[in-house]
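S.K.: Here it is, the structure in full.
Numbering (the working numbering), first residue to last: 1 to 273.
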């Protein structure tokens with residue numbers, strides 16, 4: 001059934017409780033022998049807004065992917081909320097990922113499908129298989145899809161094909177899809193790397209608003225100094241797979257960033273207005 005987004009009642013759905021994250025002496029070594037993380041220990045409280053800062057190859061993507069089990073820890077323990085991710089597999093891991101929203105640099109949308117159906121994908125983890133196969137949605141899921149799109153300013157694009165959207169619009173749809181999961185943790189892996197400065201700021205603002213309004217734990221991988229300082233409250237700096245900074249993002253000095261980068265600051269380290 002086609003929904004008229006301009007007349008649908010966009011209400012408030014029950015939010016999932018936010019989860020904390022703990023990494024205890026976590027190391028990751030890939031089959032190639034590359035050591036991506038080395039003895040990382042972190043405690044992230046429920047509801048924190050955290051940036052993971054580092055250059056390409058620093059281990060920040062590996063770090064964020066150990067949290068939802070996309071990359072298994074070679075040693076150490078990863079705990080998300082009440083769940084020990086380390087060693088988890090199969091159905092248990094799939095169910096856990098259903099509670100962890102993930103936003104990718106490449107958007108990962110189905111370009112030939114409309115925005116509404118792309119957002120509904122976020123409900124699949126909690127939807128019976130027969131409903132997914134038949135395309136049968138509940139009134140609650142339809143309402144939540146519209147609410148999620150409205151929260152990122154994309155409700156008017158609900159029937160547009162995803163392939164017709166700009167990069168910034170696609171990333172906002174990706175955020176709405178993650179919100180559709182009613183997650184307890186939101187992970188964003190370089191969500192603004194391919195966006196122009198105004199759009200990047202808009203997407204970071206959306207993530208910060210999600211953190212504040214939903215009191216949701218949000219982790220953002222990023223390499224840009226000004227975005228980390230402006231939009232996150234805590235910053236974790238990675239260099240060669242090790243934590244070299246962990247403190248308030250706004251208090252991080254240029255020297256701190258140079259320690260993280262392992263080199264002097266360059267113009268490409270700042271996005272700008």
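For glycine and all other residues, C-beta sits at the position ideal for the given N, C-alpha and C.
(1) Taking one C-beta from the region 48 to 64 and one from the region 213 to 227 each time, how about it: are there three or more such pairs within less than 8 Å?
(2) Going by other Cβ atoms of all chains shown within 10 Å of its Cβ, with 16 needed for buried, is residue 82 buried or exposed?
(3) Put residue 180 into one of helix, strand or coil per three-state DSSP.
(4) Between the alpha carbons of residue 38 and residue 241, how many angstroms are there, rounded?
(5) Just mark residue 30 as buried or exposed, buried being the case when its beta carbon has 16 or more other beta carbons within 10 Å.
(6) Here's the rule: buried if 16 or more other CB atoms are within 10 angstroms of the residue's CB, otherwise exposed. What is residue 255?
(7) What's the call for residue 191, buried or exposed, on a 16-neighbour Cβ count within 10 Å?
(8) In three-state DSSP terms, what is residue 245?
(9) Around the C-beta of residue 265, are 16 or more other C-beta atoms found within 10 angstroms, so that it is buried, or is it exposed?
(10) Buried or exposed: where does residue 181 fall if 16 or more other Cβ atoms within 10 Å of its Cβ makes it buried?
(11) Please report the Cβ distance between residue 73 and residue 26, rounded to the nearest whole angstrom; I am assuming they are in contact, meaning their Cβ atoms lie under 8 Å.
(12) Tell me where the beta strand (DSSP E) around residue 206 begins and ends.
(13) Is it buried or exposed, residue 94, if we count other Cβ atoms within 10 angstroms and call 16 or more buried?
(14) State the DSSP-derived secondary structure class of residue 255, mapped to helix, strand or coil.
(15) Going by DSSP, what residue range makes up the alpha helix (DSSP H) through residue 70?
(16) Going along the chain, which unbroken runs of the alpha helix (DSSP H) with 4 or more residues stay wholly within the region 87 to 125?
M.R.: This is what the structure holds:
(1) yes
(2) exposed
(3) helix
(4) 5 Å
(5) exposed
(6) exposed
(7) buried
(8) strand
(9) exposed
(10) buried
(11) 5 Å
(12) Element bounds for residue 206: not the beta strand (DSSP E) but the alpha helix (DSSP H), 197 to 214.
(13) exposed
(14) helix
(15) Run containing residue 70: none; DSSP gives neither H nor E here.
(16) 90 to 97 and 115 to 120
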